[in-house]
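For the working numbering, count along the sequence shown from 1 and bump the result up by 879.
Reading through the structure tokens given below for one structure.
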Amino acid sequence: MIKKIFLFQVLFLSLAVAGCVPLIVGAGSGAVVYSYTNGNLKASYPAAFVETTKACIDTLDYLQIQLVDKTSTGIKTTLNAKRSDGSPVTIEIVMLAPLITEVSVRTGVVGVWNKKNSELIHASIAQRL
């Protein structure tokens, strides 16, 4: 428990120093910290990289968002997709540690980002992890 509190404090302080506004959402046994900067809604999940990537792809399928392109380097995967209204969705998954993965979601085009849709996608990803 002390380790979780310490990790939470380190995450919170690192986001505060970075100049972005963190949004903390507690659920069950853990808490997820979101940060929203330049149209990207980021969160770190306590899950393996492969499991998180699958959860992201399943989320796109569930929300009927068409996957257009998937590129992967082994520790980073980028999913480019398109909503039914034609607006783009980009999900970037990065392995921070063997069981910690950061997911960044951007919906919409530059200047017309849709934070609510990004939050919905993150909520769906969190349910699958």
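Where a beta carbon is used, it is the ideal one built from N, C-alpha and C, also for glycine.
The count of Cβ pairs closer than 8 angstroms, one atom from the stretch 974-981 and one from the stretch 989-1006, stays below three, leaving the stretches out of contact.
Annotation: the continuous beta strand (DSSP E) that includes Gln945 extends over 945-951. Residues Ile944, Gln945, Val947, Pro967, Val968 of the same chain have their beta carbon placed closer than 8 angstroms to that of Lys961, with the five preceding and five following residues left out of the count. Nearest to Leu920 by C-alpha distance, out of Gly953, Ala1005, Gln1006, Thr986, is Thr986. Beta bridge pairing from DSSP links Val973 with Lys955, Glu981.
Minimum Cα-Cα distance from Arg1007 among the listed residues Pro925, Asn917, Asn996 corresponds to Pro925.
Pairing Ile936 with Lys955 gives a Cβ-Cβ distance that is not under 8 angstroms.
The alpha-carbon of Ser1003 is positioned some 12 angstroms away from that of Lys933.
Ala976 is classed as exposed because its beta carbon has fewer than 16 other beta carbons within 10 Å across all chains shown. Apart from the 5 residues on each side of it in sequence, Ser997 sits with its Cβ closer than 7 angstroms to the Cβ of Leu920, Val984, Arg985, Thr986 in its chain, given in chain order. The Cβ neighbour count for Tyr941, taken over all protein chains shown within 10 Å, is under 16; the residue is labelled exposed.
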